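*Asks:* Would you mind keeping the following structure in view while I ask a few things?
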Amino acid sequence: FDVGFIILAPIIYGFAKVAKISPLKFGLPVAGIMLTVHVAVPPHPGPVAAAGLLHADIGWLTIIGIAISIPVGVVGYFAAKIINKRQYAMSVEVLEQMQLAPASEEGATKLSDKINPPGVALVTSLIVIPIAIIMAGTVSATLMPPSHPLLGTLQLIGSPMVALMIALVLAFWLLALRRGWSLQHTSDIMGSALPTAAVVILVTGAGGVFGKVLVESGVGKALANMLQMIDLPLLPAAFIISLALRASQGSATVAILTTSGLLSEAVMGLNPIQCVLVTLAACFGGLGASHINDSGFWIVTKYLGLSVADGLKTWTVLTTILGFTGFLITWCVWLVI
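1199 is the number that our numbering gives the last residue of the sequence shown; the numbers go up by one with no jumps.
In structure tokens, the structure reads:
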């Protein structure tokens, strides 16, 4: 999420400059929708790891996660419009960056002849391919008989790690080698992505370890028993625990992973769709209450020129609305099935 928003920030500045309005009016809904997809839709690390802990099928999680994220995004757009009715002071640094944005009323700035960016269709295809492969593996398990000779192959190719590796190899060839990049140049670009990837891996691993420690210590069984004793439904429990962890320690991924680890025993006996919905409830709990202990809060407030107080009034409020909206839609689906 952090890297994606940083990449989109110049585009947000360009739109704001041409429209002569605050970048907050564009940036706030964009950031909200990006974070929704980040916490609810594979192949992002939080939902993928949570799916493994809660025995949720990645393909169904992708399908249902996208379906629920669409209305959540619509609600987020209108919520951001209401929040933006109030005027917020913008920092001098962001105002200067917006004025320097390469955009004008006459049209887009012409790219240098030396730059040959990849086409939209190519980039979109590289994003869609791993999702399509994972979904194909899921659908094949539903439609094909267990004895079908292609089922094992499709299941292997449709596993998240293999699907992402296929997309990585395709990107390496189509975006680098085929376009005439040297191996050294390609290596430098891939190496520049390692610091960001390392943080994601470390946070995901630490969250998984923390959740596993809690499970092995018996907290998982105690929590499952407590939920049965107080008759608190599993879905609200997943959301509330994740939201509390998110508010207390900041990381959405850690909140999702810890909650998933705690509830891994409580989901035993549920059908595949119910496991997916429990996973999404935990994911949407990790969406809400982004505040000063969350790195994403500082990214959004810095690039949109907000003070800490204004960030709490805008970004924190929006993420909480998105989290509760996602959970309510997930709960409605739970009641229907």
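Glycine included, each C-beta is placed from N, C-alpha and C at the ideal position.
Computed from a predicted structure; not experimentally measured.
Decide if PHE940 is buried, meaning its Cβ has at least 16 other Cβ atoms within 10 Å, or exposed.
*Replies:* exposed
*Asks:* Which one of ALA983, SER1169, ILE1092, ASN1133 has the shortest CA to CA distance from TRP922?
*Replies:* Nearest of ALA983, SER1169, ILE1092, ASN1133 to TRP922, Cα basis: ASN1133.
*Asks:* Tell me, to the nearest whole angstrom, how far the beta carbon of PRO891 is from that of LEU1026; I am working on the premise that it is less than 8 Å.
*Replies:* Not really, about 28 Å apart at Cβ, beyond 8 Å.
*Asks:* Here's a check: name, in chain order, each residue in its chain whose Cβ is nearer than 7 Å to the Cβ of SER1152, leaving out the five neighbours to either side.
*Replies:* GLY1158, PHE1159, TRP1177, THR1178, THR1181.
*Asks:* Closest to LEU1174 by CA distance: which of ASP1156, ALA1128, VAL1116, PHE1189 is it?
*Replies:* ASP1156
*Asks:* Indicate whether the contact test is met: 3 or more Cβ pairs, each with one atom in the region 875–883 and one in the region 909–926, closer than 8 Å.
*Replies:* no
*Asks:* So, for ALA970: in the same chain, excluding its five sequence neighbours on each side, which residues have a beta-carbon less than 6 Å away from its beta-carbon?
*Replies:* Any reading at ALA970 is ruled out, since the residue's pLDDT is 49, under 50, leaving its predicted position unreliable.
*Asks:* Quick check on HIS900: buried or exposed, where buried means 16 or more other Cβ atoms within 10 Å of its Cβ?
*Replies:* Taking all protein chains in view, the Cβ of HIS900 is crowded by 16 or more other Cβ atoms within 10 Å, so the residue is classified as buried.
*Asks:* Residues in its own chain within less than 7 Å of LEU1139 by CB, not counting five upstream and five downstream?
*Replies:* In chain order, LEU1097, THR1192, VAL1195, TRP1196 place their CB closer than 7 Å to the CB of LEU1139, counting only its own chain and leaving out the 5 sequence neighbours on each side.
*Asks:* Given CYS1137, which residues of its chain have a CB within under 7 Å of its CB, disregarding the five upstream and five downstream residues?
*Replies:* LEU916, HIS917, ALA918, VAL1129
*Asks:* What is the rounded straight-line gap between the Cα of ILE1103 and the Cα of LEU1039?
*Replies:* 47 Å
*Asks:* For a test of the three-state rule: what should DSSP assign to ILE1191, helix, strand or coil?
*Replies:* helix
*Asks:* From ASP975 to LEU984, what does the alpha carbon distance come to, in whole angstroms?
*Replies:* Summary for ASP975: the model assigns pLDDT 47, below 50, so the residue's position carries little reliability; its value from the coordinates is reported in the next sentence. C-alpha separation (whole angstroms): 20 Å.
*Asks:* Along the chain, where does the alpha helix (DSSP H) that runs through MET960 open and close?
*Replies:* Start and end: 954–961.
*Asks:* Taking SER1079 as the reference, which of LEU1124, GLY1042, THR1115 has the closest Cα?
*Replies:* LEU1124
*Asks:* Looking at the structure shown, is PRO1011 part of a helix, part of a strand, or coil, going by DSSP?
*Replies:* coil
*Asks:* Would you identify the three-state DSSP class for LEU973, choosing helix, strand or coil?
*Replies:* With a pLDDT of 47 at LEU973, under the threshold of 50, the predicted position of this residue should be treated as unreliable, though the coordinate-derived value follows. Three-state result, LEU973: coil.
*Asks:* Taking its Cβ as the centre, do 16 or more other Cβ atoms sit within 10 Å of LYS882, making it buried, or is it exposed?
*Replies:* Exposed, because fewer than 16 other Cβ atoms sit within 10 Å of the Cβ of LYS882.
*Asks:* Would a C-beta distance cut-off of 8 Å place PRO885 and MET960 closer than the cut-off?
*Replies:* yes
*Asks:* Using 7 Å as the cut-off, classify the Cβ of THR1187 as near or not near the heavy atoms of the ligand HEM, replying yes or no.
*Replies:* Among the components modelled here there is no ligand, and therefore nothing to report on the ligand HEM.
*Asks:* For GLY1147 and THR1187, what's the separation of their Cα atoms in angstroms?
*Replies:* Roughly 10 Å between the two C-alpha positions.
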